[in-house]
Amino acid sequence: MQNFDVLKTLNTHISFFHVNQQEFVPYGKILYNHDFNELQSYMMKTNIPEEGNIYVPSVTEMEETKIKEQVQSNFYGHLPIQIGYCNGRNSTLNGLEYHKGSEINIALTDLVLLLGKVQDIKSNSYDSQMIRAFYIPKGTAIELYGTTLHFAPCKVTDEGFKVIVILPAGTNRPLNKEIEKRTEEDTLLFMTNKWLLAHPEREMLISRGAYPGIKGENIQVFYH
Numbered sequence: 169m170q171n172f173d174v175l176k177t178l179n180t181h182i183s184f185f186h187v188n189q190q191e192f193v194p195y196g197k198i199l200y201n202h203d204f205n206e207l208q209s210y211m212m213k214t215n216i217p218e219e220g221n222i223y224v225p226s227v228t229e230m231e232e233t234k235i236k237e238q239v240q241s242n243f244y245g246h247l248p249i250q251i252g253y254c255n256g257r258n259s260t261l262n263g264l265e266y267h268k269g270s271e272i273n274i275a276l277t278d279l280v281l282l283l284g285k286v287q288d289i290k291s292n293s294y295d296s297q298m299i300r301a302f303y304i305p306k307g308t309a310i311e312l313y314g315t316t317l318h319f320a321p322c323k324v325t326d327e328g329f330k331v332i333v334i335l336p337a338g339t340n341r342p343l344n345k346e347i348e349k350r351t352e353e354d355t356l357l358f359m360t361n362k363w364l365l366a367h368p369e370r371e372m373l374i375s376r377g378a379y380p381g382i383k384g385e386n387i388q389v390f391y392h
């Protein structure tokens, strides 16, 4: 708990919790009954970029494993899934996304997730003051519910972070075609099964068509 206590002290500007605390319950749950060692072994071969993040939605070697079949059948009820990863050096909120279906994250390093709730989006706007930060220790596997707003993790060391990402197959892929917009939510559809709100400071996302729907501070997580 020492690292968590230090981080909490350094981040009094946000509501900061450990994933083991009751406050995590509305956002997801810790997964105890799966052995992800096959995937963790592959992750040893991946690198953390010098700047920014890298996200790979689907890795063939990670998907040719026994645990993939187990998670696909037991956790997702035989719904096809993809297994990939996100490595990086991010420290700020930048955006919030959600999917129609749960996401599994397995932390290969200590990291922090900035989370919100879809229910708190009003007229395609979300106030970053409602964000909750959760410390996820290395080796922890979690489910994030489909109603949980999230984005790339935040690092807690200079070395950056590594996390395995499991999602319904096809998620985060480019859209095949534009949809006819019928609701406010349709404006947020950014990629396949990915609805996204960007912070106005994150011009790179907005230039790619992301909706600038986050109000307030672009929250930063400090670690020293």
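In the working numbering, the protein residues as written are 169 to 392.
The beta-carbon is built from N, C-alpha and C at its ideal position, and this holds for glycine as well.
Report back the beta-carbon spacing between residue i and residue j to the nearest angstrom; my notes put them in contact at under 8 Å.
i: proline 248; j: alanine 337; result: 4 Å
i: isoleucine 382; j: leucine 264; result: 6 Å
i: glycine 196; j: leucine 343; result: Incorrect: roughly 26 Å between the Cβ atoms, too far for contact.
i: valine 324; j: asparagine 179; result: Not quite, the Cβ-Cβ distance comes to about 10 Å (not below 8 Å), so this is no contact.
For residue i, count neighbouring Cβ atoms within 10 angstroms of its own Cβ and tell me buried if that reaches 16, exposed if not.
i: tyrosine 223; result: exposed
i: glutamine 189; result: exposed
i: histidine 246; result: exposed
i: lysine 330; result: buried
i: proline 321; result: buried
i: histidine 318; result: buried
Whose CA, out of the options, lies closest to the CA of residue i?
i: asparagine 258; options: Ile310, Glu219, Lys306, Gln238; result: Glu219
i: serine 226; options: Gln240, Ile334, Gln297, Glu265; result: Ile334
i: glutamate 352; options: Asn344, Leu343, Leu365; result: Leu365
i: glycine 384; options: Thr260, Asn255, Thr316; result: Thr260
i: alanine 275; options: Gly256, Tyr244, Ile387; result: Gly256
i: histidine 186; options: Leu178, Asp173, Thr180; result: Asp173
i: threonine 315; options: Tyr266, Gly307, Gly328; result: Tyr266
i: threonine 277; options: Asn221, Leu175, Thr308, Ile182; result: Thr308
i: valine 386; options: Arg376, Leu175, Ile374, Arg370; result: It should be pointed out that residue 386 corresponds to asparagine in this sequence rather than to valine. Here the closest residue by C-alpha is Arg370.
i: leucine 357; options: Asn292, His367, His392, Ser296; result: Asn292
i: histidine 202; options: Ile235, His181, Lys176; result: Ile235
i: glutamine 388; options: Glu191, Glu271, His367; result: His367
i: proline 305; options: Asn273, Val286, Tyr294, Phe390; result: Asn273
i: proline 163; options: Asp288, Gly328, Asn179; result: With the chain running from 169 to 392 in the structure shown, residue 163 is simply not present.
i: serine 183; options: Ser296, Lys349, Val324, Leu373; result: Ser296
If you measure from the CB of residue i, is any heavy atom of the ligand ADP nearer than 7 Å?
i: methionine 212; result: You won't find the ligand ADP in this model; it holds no ligand whatsoever.
On the three-state DSSP scale, how would you describe residue i?
i: serine 226; result: coil
i: threonine 355; result: helix
i: tyrosine 266; result: strand
i: tyrosine 379; result: strand
i: threonine 177; result: helix
i: glutamate 371; result: helix
i: phenylalanine 329; result: strand
i: phenylalanine 204; result: coil
i: arginine 304; result: In the sequence as displayed, the identity of residue 304 is isoleucine instead of arginine. Here isoleucine 304 sits in strand by DSSP.
Using 8 Å as the limit for Cβ to Cβ distance, is residue i near chain D?
i: threonine 339; result: Although the question refers to chain D, the structure presented lacks it and comprises just one protein chain.
When the Cβ atoms of the segment 300-315 are set against those of the segment 270-284, are three or more pairs found closer than 8 Å?
A contact exists between the segment 300-315 and the segment 270-284.
Flag this pair as touching only if the segment 338-345 and the segment 353-361 have three or more C-beta atom pairs under 8 Å; answer yes or no.
They touch, by the three-pair rule.
Sufficient close CB pairs (3 or more, under 8 Å) joining the segment 313-332 to the segment 197-214
Result yes; three or more Cβ-Cβ pairs closer than 8 Å.
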